[in-house]
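Some notes on the structure that comes next.
Protein chains: 6
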Amino acid sequence: MGDLPEAVVREIVARALAEDIGPGDITTAATVDPGTPCRAEIVAKAEGVVAGVGVAEATFHAVDPDISFEYAVHDGQRVAPGTVVARLSGDAAAILTAERTALNFLQRVSGIATLTAQYVAAVEGTPARIIDTRKTAPGLRVLDKYAVRAGGGANHRMGLFDGILIKDNHIQAAGGLGEAVERAREAAHHLVKVEVETQDLAQVEGALSAGADVIMLDNMGVEEIRRAVELIGERAETEVSGGVTLETVRELAECGVDYISVGALTHSAPALDLSLEIGDA
Amino acid sequence: MGDLPEAVVREIVARALAEDIGPGDITTAATVDPGTPCRAEIVAKAEGVVAGVGVAEATFHAVDPDISFEYAVHDGQRVAPGTVVARLSGDAAAILTAERTALNFLQRVSGIATLTAQYVAAVEGTPARIIDTRKTAPGLRVLDKYAVRAGGGANHRMGLFDGILIKDNHIQAAGGLGEAVERAREAAHHLVKVEVETQDLAQVEGALSAGADVIMLDNMGVEEIRRAVELIGERAETEVSGGVTLETVRELAECGVDYISVGALTHSAPALDLSLEIGDA
Amino acid sequence: MGDLPEAVVREIVARALAEDIGPGDITTAATVDPGTPCRAEIVAKAEGVVAGVGVAEATFHAVDPDISFEYAVHDGQRVAPGTVVARLSGDAAAILTAERTALNFLQRVSGIATLTAQYVAAVEGTPARIIDTRKTAPGLRVLDKYAVRAGGGANHRMGLFDGILIKDNHIQAAGGLGEAVERAREAAHHLVKVEVETQDLAQVEGALSAGADVIMLDNMGVEEIRRAVELIGERAETEVSGGVTLETVRELAECGVDYISVGALTHSAPALDLSLEIGDA
Amino acid sequence: MGDLPEAVVREIVARALAEDIGPGDITTAATVDPGTPCRAEIVAKAEGVVAGVGVAEATFHAVDPDISFEYAVHDGQRVAPGTVVARLSGDAAAILTAERTALNFLQRVSGIATLTAQYVAAVEGTPARIIDTRKTAPGLRVLDKYAVRAGGGANHRMGLFDGILIKDNHIQAAGGLGEAVERAREAAHHLVKVEVETQDLAQVEGALSAGADVIMLDNMGVEEIRRAVELIGERAETEVSGGVTLETVRELAECGVDYISVGALTHSAPALDLSLEIGDA
Amino acid sequence: MGDLPEAVVREIVARALAEDIGPGDITTAATVDPGTPCRAEIVAKAEGVVAGVGVAEATFHAVDPDISFEYAVHDGQRVAPGTVVARLSGDAAAILTAERTALNFLQRVSGIATLTAQYVAAVEGTPARIIDTRKTAPGLRVLDKYAVRAGGGANHRMGLFDGILIKDNHIQAAGGLGEAVERAREAAHHLVKVEVETQDLAQVEGALSAGADVIMLDNMGVEEIRRAVELIGERAETEVSGGVTLETVRELAECGVDYISVGALTHSAPALDLSLEIGDA
Amino acid sequence: MGDLPEAVVREIVARALAEDIGPGDITTAATVDPGTPCRAEIVAKAEGVVAGVGVAEATFHAVDPDISFEYAVHDGQRVAPGTVVARLSGDAAAILTAERTALNFLQRVSGIATLTAQYVAAVEGTPARIIDTRKTAPGLRVLDKYAVRAGGGANHRMGLFDGILIKDNHIQAAGGLGEAVERAREAAHHLVKVEVETQDLAQVEGALSAGADVIMLDNMGVEEIRRAVELIGERAETEVSGGVTLETVRELAECGVDYISVGALTHSAPALDLSLEIGDA
């Protein structure tokens, strides 16, 4: 599962299976005798980037560790309709019980990877990196952010605990931008950088004076972004944020910014169509 | 929270907050003094159907039970950009810490309700009900299915435990359709109905003979669906499934089927754009 | 473990062991050197129906996965005093630590299976099926209901979530029986049936008019039950409930009802006497 | 809840409710509008000793902390058919949802208390105390043992962690009775006593020589017990164990033993019949 | 892991790893390719008593069950700087990720064992046993108390549940020492002894009259302890408690007391210096 | 509780109480009638810096939310023997049951704060900040690190997830220092800095070339540290690590380093002596 933390994945998988199986898969228990062997393939039904195969594998193995599961593609690989993604064999009842949950994971992770890959392709050749946000499905953040990496994007901070991002309300509460940055540096440990959200060039100048490591240019127009990038120069990194679409992303990237964050990657990516095709053993 | 089971929601909310806050919201802890009061509004930024306000409320209250939270709309209500959804006041630090998680819930649930409402509108006047599937975000099924109800749709079974749905592989394992239905009836308790998945008219006839309560017409063409509906008559309920889109759903509904299940409602609904606008106390 | 959901069983077993072992089995830790081998047999001390051997196995394996555990009978099998139920070998300390918890499971599940088998025998030759209720030991419902199946009975719904059972108070709150049934059908998904509890023939007629799928005849006399069965005919299934005993059950069954639910199966079954006899390795 | 540890009870109650409610009480959600008021009484339907009213209260309050719950009897009190045990008022939906789980607790705990009281009455006037065993329902030990106290009995050790009980297999593994007792004393902390299980008078003498604090007379006949009690005198306390019934318990008690342990108290007590009678608000 | 309960250790280890790894070891994930082999040794950097090697092993195995882990010393063994404690080999990424947590366990447990061994050595030749208290690190009690045993000490009760220790406030609440002891004996099961805390000789006499099994001499001077020991004779065991140091412990032990409890063993033991030295595979 | 995340503290407190109370505080249950009122004070018995009063409060409130708890000092305040730290009143049984666990937290957190304050005082007037490490008690890291802040120190990263710290083995696995830094920057999000551990001046130069944000000078002598600080200048921050003691810390601080990390703060701080003195209500 690449760089996914296994304990976290195990817990997410267990919870998802519990949600679906509850006190029992009554259809399978009634109709499929224990020990009935079967073979199956996970097959792509649409074009896209597959990711999360390891999570699907973990799902099948949580139901039955004896299921054999072979990868036919690796995470981040582009597939076409009909591409076989993985091959399974083992107890038919276990495979049928795990099927839907495994596919739910795989389709979501692949959907995010696929959308991310489109944004990444759109900015190819520019210095900008496509990054995600904290706008993830509650409880699935490590998977959603893994999907972004698999699609060629990069991550923003994982949560409120591993990066300082000072917004307008923090500034107001702290009594000013300088105070906010100073208080944040004082409180945070020395391996965490400070990013400041700005809405206009005056705020950009304030952030520079305060010594921000990264300056977020939030909901600015293209022209204003260009001037902000020029103003900032090498003094800080820059992140464009707010209302970015596949149509606008390239023009933003060509402004010379370092990062473009896109909430839609994780809150609005359609699932990639994949299915489990089951045969006899 | 309407008919959402509170204990389940509490657990989902706690997990989502833990994921985002982890060992601490280091920005807010550094910049906002405890006890700083503030007021805020949740505001729609796009047109859609709002749902999940109670989950957002539960999120704020999990961080600080003393936050005041007033509903300005009820779940299932249509909003326009600018509509105020809820009004909050309380400790600024708590509100800032809970903000993103609360919005992640609200935007996802509202996104699903909004897409569902579009499908429901598309079949208006026909007997067909739009229903969901088990293709939900892992760990969030009760919320995803609540969202479908809020958007005017109905639910399919909650999981593998509260309804019999016999698919091709179950039939094969059981040694025939009749055997599968019989074994399922024998094993399941007497308040659970039996649905059988069919791919063609021959299978529909088999399902009728076997005494299925509901017959799923899976991935059939419009003409075949019409003939199936005619063949089945009052002998069973019917569910159309597979590849349904906003473009095709009305024609399917006009075939006279009882239910049309749409996976996209929960696996591909874009988030509804909502934001928290924070002012002074 | 037949159709028992493994994840649920694992959790129940872990909790039971934690309750008994807590911070340590101080007797065994003090007196038995690690690695001491032993052999043991689980032996029936009374006549009855054994069930739950897989749960006993899971208990031993939770303490030590290396214990060898062989089934000598299968769940649902009738045993006499002296019948060997299972043979174990492995680390003596682990077997001694797990012994009581494993037997507690096995004796309870077998006790329920044994009592169920008596009720099932009492109605042999009639169309009636003996079913359980939700009157189970808190936290052990999946096991209690499994035991009923092992004893030849059938299950009623698993919980409040997988079947509609409308009682007097629901009817009153909904504003009438017709309204209650209609609201229930509207709210529940299409694979769940609706049962209505009735106390007299007038209510039976009401339930029929409302279109109930199943009619519960609650605490009625034999004569009234006969008339109810006649009145209902094929229009609904029937369940007799309330105060059923081994003395009365056959007469009730001969009234022609479909189901007879017996709370005592799970709330008052005496344990089946079983013991672990330990020898040397 | 008397001396029941609240955190443990809260967890047991939460688990039991989760088991019964799962993703939702679909009947009540459909038929009972939120906020509908109601009154209810818990009423005894049979003669017995009530116990566990606090657990029933905790169950209702876990579903809705605003339910008013008044005790009409105290734990350990004898009731007759018709005796009101508690009075409730509050939200009808919450009361209906919690009803079965609350009664399951109350009926089990009261059933054990009732059976215990019968054994206690049977030995009245003798020095013997009726005590329980570890043969409790898995996961419910603290409640089962509380019930025994409520019925006038006393407890044996809570688990493997809070008392030394050396059985035949421990002796064999330790290389002799003297060695086993010595090793146990050495390993256990100084507030824990050592009990030794014996099957005949020779073993009783061995236990005395080894300095056992308590000697269990396991499955001995009345005459042998009398001689053992005489032999032991004041040198150790005595516990009779094995196959004790209501018929035999008095004769055993009159042998002059200190404790008589009865597994049936917790593994075979029939539930006490109690019901919730719901009226209007 | 000797007599450590494995389920408890597994849970403590899982929690500690979750705390350190959280959503991922970002350094190792970035720099170490999966499957890179390595060898490592745990080496003592100071003189002391090593304990908890099994907990370190459990930590590595929780991250990767395929790591090979060989003990080079056994728990309770004295080591010098440079002594190899264990040898590992396996996946480099897994070993690096687990390293700090494994060492944190090992250093704490060894630190307590080392300090305990100093106290035990200081009283050598006297009848006194060095015992611990409940002043342990919250959540780590089973490990802290195991460490005391590994260092040659003995344990006091594990918690509030497995021994009676009546303090001044209990006596006052119960209405007198005699009442307190009587109520405690009545309530506790028969394998638990009763200890009474005393501050002066008058209280010691009271405790003797009340029949205490153990008398704690709390914060008394050496002369007073001597007189208390004389007064008590064989009628009860004695425990000295309060402000014991390595300087004073021998004089206290020579008073003839049975137990000397030392809070510092678990609340103030410095960690033993140990490190992981990693080489190539 | 200042900037401690409440949900994390609640969980740690619940676990600690469960560990101590288990199935019940048998002494208090037996001797103290429910509802007995009492007053109590937490009093310092030694000189030091108090911290963690909020955690003690949370412990009492977890046992009984109705206990009144007033702070008499604030976290980080220096106290002398006899200083009252907090005043409580409420149910005597609840206070007695919670006492030890509350004090265990308070004494540990205060002990760490006290030791930290000594290191901070030792470097007063220099630019160096005293920081902690990940050498914390497993499961208590958020508290241990809070204690360091309360004592005037600062934190290093919270865990493996919120900062890059490249050690020798990472460099070797990555194929060189430059590669390791590059891979880490690529993989980590843009708000995380990169620290590199160095053992000599050659490695310091390597780290500078690789663009490290922070350079750790590990186990170097004072003279070497001075030259490293000179070499590095403003190009990176510096952290001294390894074998720092109260005797050596000032000389190290005067070398001009930015941070001095001290493992002993959290792995070897003796508890601060505090006690609960209970009076009548």
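Protein chains in written order, with our numbering: chain A, 1 to 281; chain B, 282 to 562; chain C, 563 to 843; chain D, 844 to 1124; chain E, 1125 to 1405; chain F, 1406 to 1686.
All C-beta atoms, glycine included, are put in the ideal place defined by N, C-alpha and C.
| Item | Value |
| --- | --- |
| Tyrosine 1664 of chain F and glutamate 1644 of chain F - do their beta-carbons sit closer together than 8 angstroms? | yes |
| Between which two residues does the alpha helix (DSSP H) harbouring glycine 1283 of chain E extend? | No alpha helix (DSSP H) contains glycine 1283 of chain E, which DSSP labels as neither H nor E. |
| In terms of alpha-carbon separation, which member of B:Gly333, B:Leu489 and B:Gly316 lies closest to alanine 431 of chain B? | B:Gly333 |
| Under 8 angstroms between the Cβ atoms of isoleucine 777 of chain C and valine 758 of chain C? | yes |
| Under 8 angstroms Cβ-Cβ, which residues of chain C neighbour isoleucine 21 of chain A? | Pro567 and Ala569 |
| Just to confirm before moving on: does the CB-CB distance between alanine 1180 of chain E and alanine 1226 of chain E stay below 8 angstroms? | yes |
| Applying the criterion that 16 or more other CB atoms from any shown protein chain within 10 Å of the CB defines a buried residue, is histidine 1033 of chain D buried or exposed? | buried |
| I'd like to check one pair, isoleucine 955 of chain D with aspartate 918 of chain D: are the Cβ atoms closer than 8 angstroms? | no |
| Which class does glutamine 77 of chain A belong to by DSSP, given the choice of helix, strand or coil? | strand |
| Which residues in chain E have a C-beta closer than 8 angstroms to the C-beta of valine 142 of chain A? List them in chain order. | Pro1147 and Gly1148 |
| Could you list which residues in chain G have their beta carbon closer than 7 angstroms to that of isoleucine 1191 of chain E, in chain order? | This model lacks chain G altogether, as its protein chains are A, B, C, D, E and F. |
| What span of residues does the alpha helix (DSSP H) with aspartate 1268 of chain E cover, start to end? | 1265 to 1274 |
| What does DSSP give as the partner residues of threonine 519 of chain B in its beta bridges? | B:Ile496 |
| Please say whether alanine 576 of chain C and valine 625 of chain C have beta carbons closer to each other than 8 angstroms? | no |
| Who are proline 318 of chain B's beta bridge partners in DSSP? | B:Asp372 |
| With contact counted as at least three CB pairs below 8 angstroms, one residue from each stretch, are the region 575 to 593 of chain C and the region 1127 to 1144 of chain E in contact? | yes |
| For glutamate 1452 of chain F, which of helix, strand or coil comes out of DSSP? | coil |
| List, in order along the chain, the chain A residues whose C-beta lies closer than 8 angstroms to that of asparagine 385 of chain B? | Arg134, Lys135, Thr136, Ala137, Pro138 and His267 |
| If distances are taken between C-alpha atoms only, which option among D:Ala1050, D:Lys1036 and D:Gly1018 comes closest to glutamine 1042 of chain D? | D:Ala1050 |
| Note the first and the last residue of the continuous alpha helix (DSSP H) segment covering isoleucine 1191 of chain E. | No alpha helix (DSSP H) contains isoleucine 1191 of chain E, which DSSP labels as neither H nor E. |
| Nearest by alpha-carbon distance to threonine 695 of chain C: which of C:Gly841, C:Leu838, C:Ser830 and C:Glu839 is it? | C:Ser830 |
| Suppose the cutoff is 7 angstroms on Cβ atoms and the five residues either side in sequence are ignored; what does the same chain contact list for glycine 1647 of chain F look like? | Asp1623 and Asn1624 |
| Among F:Leu1651, F:Ala1445 and F:Thr1436, which residue has its Cα nearest to the Cα of glycine 1302 of chain E? | F:Thr1436 |
| According to the neighbour-count rule (16 or more other Cβ atoms, all chains shown, within 10 Å of its Cβ), is threonine 1519 of chain F buried or exposed? | buried |
| Taking the beta strand (DSSP E) that glutamate 1040 of chain D belongs to, which residues open and close that run? | 1037 to 1041 |
| Is any beta-carbon of chain E found at less than 8 angstroms from that of phenylalanine 1004 of chain D? | yes |
| Applying the 10 Å Cβ sphere with the 16-neighbour rule, what's the burial state of arginine 1359 of chain E? | exposed |
| Counting only beta-carbon atoms, is threonine 1088 of chain D nearer than 8 angstroms to chain C? | no |
| Can you tell me which of the three DSSP states tyrosine 897 of chain D falls into? | In the sequence under discussion, the amino acid at residue 897 of chain D is glycine, which differs from the tyrosine named in the question. Helix. |
| So what does DSSP say about serine 268 of chain A, is it helix, strand or coil? | coil |
| Report the option in B:Gly316, B:Val331 and B:Val530 whose CA atom is closest to the CA atom of alanine 409 of chain B. | B:Val530 |
| With distances taken from CA atoms, which of C:Ala790, C:Val710 and C:Thr621 is nearest glycine 818 of chain C? | C:Ala790 |
| For leucine 298 of chain B, go through chain F and note every residue whose CB falls closer than 9 angstroms to its CB, in chain order. | Ala1412 |
| For chain E, find out if any of its Cβ atoms is closer than 8 angstroms to the Cβ of valine 1553 of chain F; answer yes or no. | no |
| Taking the C-alpha atoms as reference points, what is the distance between aspartate 1430 of chain F and glycine 1172 of chain E? | 36 angstroms |
| Run down chain F in chain order and give the residues with a C-beta less than 9 angstroms from the C-beta of methionine 158 of chain A. | Phe1566, Asp1567 and His1594 |
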